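Peer 1: Please see the structure below; I have some questions.
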Amino acid sequence: MYLALVVIALVVGAWVLAAIVFAALRRLTFHQAFLYLPLKLLHRVDDRALTGLRADPPVIYAVLHQSRLDPALMLSLLPSDTLHILDEASARSFWLEPWREMARTIAFNAAHVFVSRRLVRHLRGRGKLAVYLPDGIEPETKAYRIYRAIARIAAAAEARIVPVSVTGSRRTPFSLAFSHDSGPRGLAKLSVRVLEPLTIAQLIDRSSRAQATMAGVLYDRVLEADAA
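Note that my numbering numbers the sequence shown so that position 211 is 1536, with each residue one more than the last.
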(Lines of atoms letter the chains of each structure in order from A and count residues from 1; the text may use other names and numbers.)
(Lines give C-alpha, C1' and ligand atoms only; values in the text may rest on other atoms or scores of the structure.)
Protein backbone atom coordinates (compact mmCIF):
# COMPACT_ATOMS: atom_id res chain seq x y z
CA MET A 1 0.00 0.00 0.00
CA TYR A 2 2.80 2.38 0.94
CA LEU A 3 4.68 1.57 -2.27
CA ALA A 4 1.55 2.24 -4.33
CA LEU A 5 1.14 5.65 -2.69
CA VAL A 6 4.77 6.48 -3.40
CA VAL A 7 4.37 5.52 -7.06
CA ILE A 8 1.19 7.60 -7.36
CA ALA A 9 2.91 10.57 -5.73
CA LEU A 10 5.85 10.29 -8.13
CA VAL A 11 3.55 10.09 -11.17
CA VAL A 12 1.53 13.10 -10.06
CA GLY A 13 4.70 15.03 -9.27
CA ALA A 14 6.15 14.27 -12.69
CA TRP A 15 2.84 15.28 -14.32
CA VAL A 16 2.80 18.60 -12.45
CA LEU A 17 6.43 19.34 -13.30
CA ALA A 18 5.90 18.48 -16.96
CA ALA A 19 2.82 20.73 -17.05
CA ILE A 20 4.77 23.64 -15.54
CA VAL A 21 7.53 23.29 -18.12
CA PHE A 22 5.12 22.82 -21.04
CA ALA A 23 3.03 25.82 -19.96
CA ALA A 24 6.13 28.01 -19.84
CA LEU A 25 7.37 26.84 -23.24
CA ARG A 26 4.01 27.21 -24.98
CA ARG A 27 2.71 30.27 -23.08
CA LEU A 28 -0.30 28.37 -21.80
CA THR A 29 -1.85 28.39 -18.36
CA PHE A 30 -0.91 25.60 -15.98
CA HIS A 31 -4.53 24.37 -16.12
CA GLN A 32 -4.35 24.09 -19.92
CA ALA A 33 -1.04 22.24 -19.89
CA PHE A 34 -2.07 19.92 -17.04
CA LEU A 35 -5.19 18.70 -18.86
CA TYR A 36 -3.58 18.63 -22.29
CA LEU A 37 -0.55 16.44 -21.54
CA PRO A 38 -2.49 13.14 -21.10
CA LEU A 39 -4.19 13.72 -24.47
CA LYS A 40 -0.87 14.55 -26.07
CA LEU A 41 0.71 11.35 -24.77
CA LEU A 42 -2.22 9.06 -25.58
CA HIS A 43 -2.70 10.37 -29.12
CA ARG A 44 0.89 11.50 -29.82
CA VAL A 45 -0.49 14.91 -30.78
CA ASP A 46 1.65 16.92 -33.17
CA ASP A 47 0.85 20.53 -32.24
CA ARG A 48 3.89 22.21 -33.80
CA ALA A 49 1.73 24.15 -36.26
CA LEU A 50 0.28 26.16 -33.38
CA THR A 51 3.68 26.81 -31.81
CA GLY A 52 4.78 29.30 -34.43
CA LEU A 53 1.34 30.71 -35.19
CA ARG A 54 1.08 34.48 -34.85
CA ALA A 55 -2.53 35.57 -35.20
CA ASP A 56 -3.08 39.16 -34.14
CA PRO A 57 -6.64 39.88 -32.95
CA PRO A 58 -9.33 40.20 -33.97
CA VAL A 59 -9.12 36.56 -34.98
CA ILE A 60 -11.51 33.66 -35.56
CA TYR A 61 -10.24 30.10 -35.22
CA ALA A 62 -12.48 28.13 -37.61
CA VAL A 63 -12.19 24.58 -36.30
CA LEU A 64 -13.45 21.68 -38.42
CA HIS A 65 -15.35 19.71 -35.75
CA GLN A 66 -14.54 16.07 -36.55
CA SER A 67 -14.53 14.51 -33.08
CA ARG A 68 -15.56 15.12 -29.49
CA LEU A 69 -11.87 15.53 -28.66
CA ASP A 70 -11.53 18.69 -30.77
CA PRO A 71 -13.02 21.11 -28.19
CA ALA A 72 -10.79 19.66 -25.45
CA LEU A 73 -7.71 20.09 -27.63
CA MET A 74 -8.60 23.64 -28.66
CA LEU A 75 -9.50 24.70 -25.11
CA SER A 76 -6.07 23.40 -24.11
CA LEU A 77 -4.01 24.88 -26.93
CA LEU A 78 -5.61 28.15 -28.02
CA PRO A 79 -5.00 31.36 -26.03
CA SER A 80 -6.86 31.25 -22.72
CA ASP A 81 -8.74 34.49 -23.51
CA THR A 82 -10.40 32.91 -26.57
CA LEU A 83 -14.21 32.78 -26.52
CA HIS A 84 -15.30 29.29 -27.62
CA ILE A 85 -18.64 28.86 -29.42
CA LEU A 86 -19.50 25.23 -28.63
CA ASP A 87 -22.20 23.02 -30.08
CA GLU A 88 -24.92 22.04 -27.62
CA ALA A 89 -23.53 18.53 -27.04
CA SER A 90 -20.06 19.84 -26.16
CA ALA A 91 -21.54 22.56 -23.97
CA ARG A 92 -23.43 19.94 -21.93
CA SER A 93 -20.88 17.12 -21.94
CA PHE A 94 -19.97 16.06 -18.40
CA TRP A 95 -16.43 14.93 -19.21
CA LEU A 96 -15.58 18.23 -20.95
CA GLU A 97 -16.39 20.29 -17.85
CA PRO A 98 -12.74 20.56 -16.64
CA TRP A 99 -11.76 21.94 -20.07
CA ARG A 100 -14.73 24.31 -20.28
CA GLU A 101 -13.63 25.88 -16.99
CA MET A 102 -10.41 27.08 -18.65
CA ALA A 103 -12.06 29.62 -20.96
CA ARG A 104 -15.26 31.47 -21.72
CA THR A 105 -17.72 29.33 -23.67
CA ILE A 106 -21.11 29.89 -25.30
CA ALA A 107 -23.45 27.17 -26.55
CA PHE A 108 -25.14 27.48 -29.93
CA ASN A 109 -27.35 25.45 -32.22
CA ALA A 110 -25.68 25.08 -35.62
CA ALA A 111 -29.09 24.86 -37.28
CA HIS A 112 -30.14 28.27 -35.93
CA VAL A 113 -26.91 30.24 -35.98
CA PHE A 114 -27.21 33.94 -36.80
CA VAL A 115 -25.00 37.02 -37.07
CA SER A 116 -24.56 38.19 -33.48
CA ARG A 117 -23.75 41.83 -32.79
CA ARG A 118 -22.32 40.69 -29.49
CA LEU A 119 -19.74 38.52 -31.26
CA VAL A 120 -18.90 41.33 -33.68
CA ARG A 121 -18.33 43.71 -30.74
CA HIS A 122 -16.20 41.08 -29.02
CA LEU A 123 -13.98 40.78 -32.09
CA ARG A 124 -13.75 44.53 -32.69
CA GLY A 125 -12.45 44.84 -29.14
CA ARG A 126 -9.42 42.79 -30.25
CA GLY A 127 -11.11 39.59 -29.23
CA LYS A 128 -10.46 35.98 -30.16
CA LEU A 129 -13.18 33.55 -31.16
CA ALA A 130 -13.15 29.78 -31.73
CA VAL A 131 -16.00 28.38 -33.80
CA TYR A 132 -16.56 24.65 -34.36
CA LEU A 133 -17.85 23.96 -37.87
CA PRO A 134 -19.65 20.60 -38.27
CA ASP A 135 -17.80 18.09 -40.43
CA GLY A 136 -19.33 16.91 -43.71
CA ILE A 137 -21.40 20.00 -44.53
CA GLU A 138 -22.07 20.54 -48.24
CA PRO A 139 -22.81 23.88 -49.94
CA GLU A 140 -26.42 24.75 -50.73
CA THR A 141 -27.72 22.79 -47.74
CA LYS A 142 -29.50 24.09 -44.66
CA ALA A 143 -26.48 23.34 -42.46
CA TYR A 144 -24.29 25.52 -44.71
CA ARG A 145 -25.82 28.62 -43.14
CA ILE A 146 -23.24 28.42 -40.35
CA TYR A 147 -20.55 29.29 -42.91
CA ARG A 148 -22.58 32.28 -44.09
CA ALA A 149 -23.06 33.54 -40.53
CA ILE A 150 -19.41 33.14 -39.52
CA ALA A 151 -18.21 34.75 -42.75
CA ARG A 152 -20.47 37.77 -42.15
CA ILE A 153 -19.26 38.10 -38.56
CA ALA A 154 -15.64 37.94 -39.74
CA ALA A 155 -16.25 40.53 -42.45
CA ALA A 156 -18.12 42.90 -40.13
CA ALA A 157 -15.33 42.76 -37.55
CA GLU A 158 -12.53 42.66 -40.16
CA ALA A 159 -11.23 39.62 -38.31
CA ARG A 160 -8.51 37.31 -39.52
CA ILE A 161 -9.53 33.68 -39.93
CA VAL A 162 -7.30 30.78 -38.90
CA PRO A 163 -8.67 27.46 -40.21
CA VAL A 164 -7.88 24.51 -37.94
CA SER A 165 -8.19 20.78 -38.58
CA VAL A 166 -7.13 17.96 -36.25
CA THR A 167 -6.21 15.23 -38.70
CA GLY A 168 -6.62 11.70 -37.42
CA SER A 169 -9.50 12.57 -35.10
CA ARG A 170 -11.96 10.88 -37.45
CA ARG A 171 -10.21 7.60 -36.59
CA THR A 172 -10.70 7.84 -32.83
CA PRO A 173 -13.58 6.44 -30.73
CA PHE A 174 -14.63 10.08 -30.23
CA SER A 175 -15.19 10.59 -33.97
CA LEU A 176 -18.38 12.30 -35.12
CA ALA A 177 -18.06 10.69 -38.57
CA PHE A 178 -20.57 8.05 -39.51
CA SER A 179 -19.19 7.12 -42.92
CA HIS A 180 -17.84 3.63 -43.54
CA ASP A 181 -14.55 5.02 -44.82
CA SER A 182 -13.50 6.75 -41.60
CA GLY A 183 -11.21 3.78 -40.91
CA PRO A 184 -10.53 1.78 -37.75
CA ARG A 185 -10.96 3.67 -34.50
CA GLY A 186 -8.45 3.63 -31.68
CA LEU A 187 -5.68 5.76 -30.20
CA ALA A 188 -4.86 7.33 -33.55
CA LYS A 189 -2.00 9.80 -33.89
CA LEU A 190 -3.38 13.33 -34.14
CA SER A 191 -1.92 16.32 -35.94
CA VAL A 192 -3.14 19.90 -35.60
CA ARG A 193 -3.11 21.62 -39.00
CA VAL A 194 -3.53 25.39 -39.36
CA LEU A 195 -3.17 27.90 -42.19
CA GLU A 196 -2.00 31.49 -42.01
CA PRO A 197 -4.50 34.10 -40.75
CA LEU A 198 -6.35 35.89 -43.57
CA THR A 199 -9.37 38.17 -43.67
CA ILE A 200 -12.47 37.44 -45.75
CA ALA A 201 -11.41 40.20 -48.16
CA GLN A 202 -8.01 38.56 -48.64
CA LEU A 203 -9.61 35.15 -49.17
CA ILE A 204 -11.90 36.58 -51.85
CA ASP A 205 -8.93 38.25 -53.60
CA ARG A 206 -7.04 34.96 -53.80
CA SER A 207 -10.04 32.76 -54.62
CA SER A 208 -10.13 30.82 -57.89
CA ARG A 209 -13.94 30.81 -57.93
CA ALA A 210 -15.58 32.64 -60.83
CA GLN A 211 -18.02 34.26 -58.40
CA ALA A 212 -16.48 34.16 -54.96
CA THR A 213 -18.80 34.54 -51.97
CA MET A 214 -17.80 35.15 -48.37
CA ALA A 215 -19.20 31.80 -47.24
CA GLY A 216 -17.66 30.03 -50.23
CA VAL A 217 -14.12 31.24 -49.59
CA LEU A 218 -14.42 30.39 -45.88
CA TYR A 219 -15.63 26.89 -46.78
CA ASP A 220 -12.76 26.41 -49.24
CA ARG A 221 -10.23 27.63 -46.69
CA VAL A 222 -11.40 25.19 -44.01
CA LEU A 223 -11.23 22.29 -46.49
CA GLU A 224 -7.75 23.45 -47.52
CA ALA A 225 -6.59 23.15 -43.90
CA ASP A 226 -8.12 19.68 -43.65
CA ALA A 227 -6.21 18.57 -46.75
CA ALA A 228 -2.92 20.22 -45.76
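No residue lacks a Cβ here, since even glycine has one placed at the ideal position from N, Cα and C.
Fair warning: this is a prediction, and the values are worked out from it, not measured in the lab.
Do you know how far the Cα of Asp1372 is from the Cα of Ala1428?
Peer 2: Walking along the sequence shown from the start, residue 1428 turns up at place 103. Walking along the sequence shown from the start, residue 1372 turns up at place 47. Those two C-alpha atoms are separated by around 19 angstroms.
Peer 1: Taking the alpha-carbon positions, what's the Val1517 to Arg1477 distance?
Peer 2: As a working mapping, residue 1517 is identified with position 192 in the sequence shown. As a working mapping, residue 1477 is identified with position 152 in the sequence shown. Distance between the alpha carbons of Val1517 and Arg1477 is about 26 angstroms.
Peer 1: Label Trp1424 either buried or exposed according to how many other C-beta atoms from any shown protein chain fall within 10 Å of its C-beta, with 16 as the threshold for buried.
Peer 2: Within the sequence shown, numbered from 1, the residue matching residue 1424 stands at position 99. Classification for Trp1424: buried.
Peer 1: Pick out the complete alpha helix (DSSP H) segments inside the stretch 1463-1549, 4 residues or longer, and give them in chain order.
Peer 2: Entirely contained in the stretch 1463-1549, the alpha helix (DSSP H) runs reaching 4 residues are, in chain order, 1470-1482, 1525-1531.
Peer 1: If you follow the beta strand (DSSP E) that Val1456 is in, where does it begin and where does it stop?
Peer 2: Along the sequence shown, one-based indexing puts residue 1456 at 131. Start and end: 1453-1459.
Peer 1: Where does the unbroken beta strand (DSSP E) through Thr1376 begin, and where does it stop?
Peer 2: Reading the sequence shown from its first residue, position 51 is the one you call residue 1376. That residue, Thr1376, is in no beta strand (DSSP E); its alpha helix (DSSP H) goes 1373-1376.
Peer 1: Below 7 angstroms CB to CB, which residues in the same chain sit around Ser1494 once its five sequence neighbours on both sides are set aside?
Peer 2: Reading the sequence shown from its first residue, position 169 is the one you call residue 1494. So the qualifying residues of the chain are Gln1391, Ser1392, Leu1394, Asp1395, Ser1500, Leu1515.
Peer 1: Under the three-state reduction of DSSP, which class applies to Leu1353: helix, strand or coil?
Peer 2: Position 28 of the sequence shown holds residue 1353. Residue state, collapsed to three classes: coil.
Peer 1: If Thr1407 and Ala1416 are in contact, beta carbons under 8 angstroms, what's the gap, nearest whole angstrom?
Peer 2: The residue labelled residue 1407 in the question sits at position 82 within the sequence shown. The residue labelled residue 1416 in the question sits at position 91 within the sequence shown. Their Cβ separation, rounded to whole angstroms, is 15 angstroms, which puts Thr1407 and Ala1416 out of contact at 8 angstroms.
Peer 1: Spell out the partners DSSP gives His1409 in its beta bridges.
Peer 2: Residue 1409 sits at position 84 when you count from the first residue of the sequence shown. BP columns for His1409 point to Thr1430, Ala1455.
Peer 1: Let me confirm a value: Ser1533 is counted as buried when at least 16 other C-beta atoms fall within 10 Å, else exposed. Which label applies?
Peer 2: Taking the sequence shown and counting its residues from 1, the one referred to as residue 1533 is at position 208. Ser1533 should be labelled exposed.
Peer 1: Please work out which residues of its chain come closer than 8 angstroms, Cβ to Cβ, to Gln1536, disregarding the five sequence neighbours upstream and downstream, and give them in chain order.
Peer 2: The residue given as residue 1536 occupies position 211 in the sequence shown. For Gln1536, where only same-chain residues beyond five positions count, there are no Cβ hits under 8 angstroms.
Peer 1: Assign Ala1343 to one of three DSSP states: helix, strand, or coil.
Peer 2: In the sequence shown, the residue the question calls residue 1343 occupies position 18. Ala1343 falls in the helix class under three-state DSSP.
Peer 1: For the structure I just gave you, are there three or more beta carbon pairs, one from the stretch 1446-1466 and one from the stretch 1370-1388, closer than 8 angstroms?
Peer 2: Yes, the stretch 1446-1466 is in contact with the stretch 1370-1388.
Peer 1: Assuming Asp1460 contacts Leu1389 (C-beta within less than 8 angstroms), just tell me the rounded distance between them.
Peer 2: If you number the sequence shown from 1, residue 1460 lands on position 135. If you number the sequence shown from 1, residue 1389 lands on position 64. Yes, Asp1460 and Leu1389 are in contact; Cβ-Cβ is about 6 angstroms, under 8 angstroms.
Peer 1: Going by C-alpha to C-alpha distance, which of Ala1474, Thr1497, Pro1498, Leu1512 sits closest to Val1542?
Peer 2: Counting from 1 along the sequence shown, the entry for residue 1542 is found at position 217. It is Ala1474 whose Cα lies nearest to the Cα of Val1542.
Peer 1: May I have the straight-line CA-CA distance separating Ala1540 from Ser1401, to the nearest angstrom?
Peer 2: For the purposes of this step, residue 1540 is taken as residue 215 along the sequence shown, with counting starting at 1. For the purposes of this step, residue 1401 is taken as residue 76 along the sequence shown, with counting starting at 1. Approximately 28 angstroms between the Cα atoms of the pair.
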